[in-house]
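To keep things clear, I will list the structure first and then write my remarks on it.
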Amino acid sequence: ILQIVNNPQLTVAQTKLELVNILPNLTQPQIEALTEVICHQIDQSKRGKFSGITDLEGKNFKVR
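Note that the working numbering has the sequence shown beginning at 30, numbered continuously upward.
So, in structure tokens, the structure goes:
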């Protein structure tokens with residue numbers, strides 16, 4: 030699962046496929062929910078990568 034989470038290049042469909050492969054006992058709704066959480070986490074980590082950096086005056090840098 031960590032390999033999936035740590036691979037932001039995976040599409041949503043690829044993420045689902047990987048989850049089904051490593052967790053074959055999960056139901057479809059469980060796979061959907063887990064995929065949503067993982068993809069949301071990846072999205073958050075990309076967006077928040079520079080959120081903690083501030084300049085000398087304490088202003089936040091916005092990196093997009």
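Note that CB positions come from ideal geometry on N, CA and C, so glycine has one too.
Every value quoted in this text rests on a predicted model; they were computed, and no experiment measured them.
Rounded distance between the beta-carbons of residue j and residue i, thought under 8 Å
i   : j   : result
L63 : L48 : 6 Å
K45 : I30 : Actually they do not touch by this definition, with Cβ atoms about 13 Å apart.
Boundaries (first-last residue) of the alpha helix (DSSP H) holding residue i
i   : result
T44 : 41-51
L31 : 31-34
Same chain, Cβ closer than 7 Å to residue i, neighbours up to 5 away in sequence not counted
i   : result
P68 : For the record, residue 68 in the displayed sequence is Cys; it is not Pro. If we look at C68 and ignore the five residues flanking it on each side, its Cβ neighbours are V41, T44.
6 Å CB neighbourhood of residue i in its chain, flanking five on each side removed
i   : result
V34 : I67
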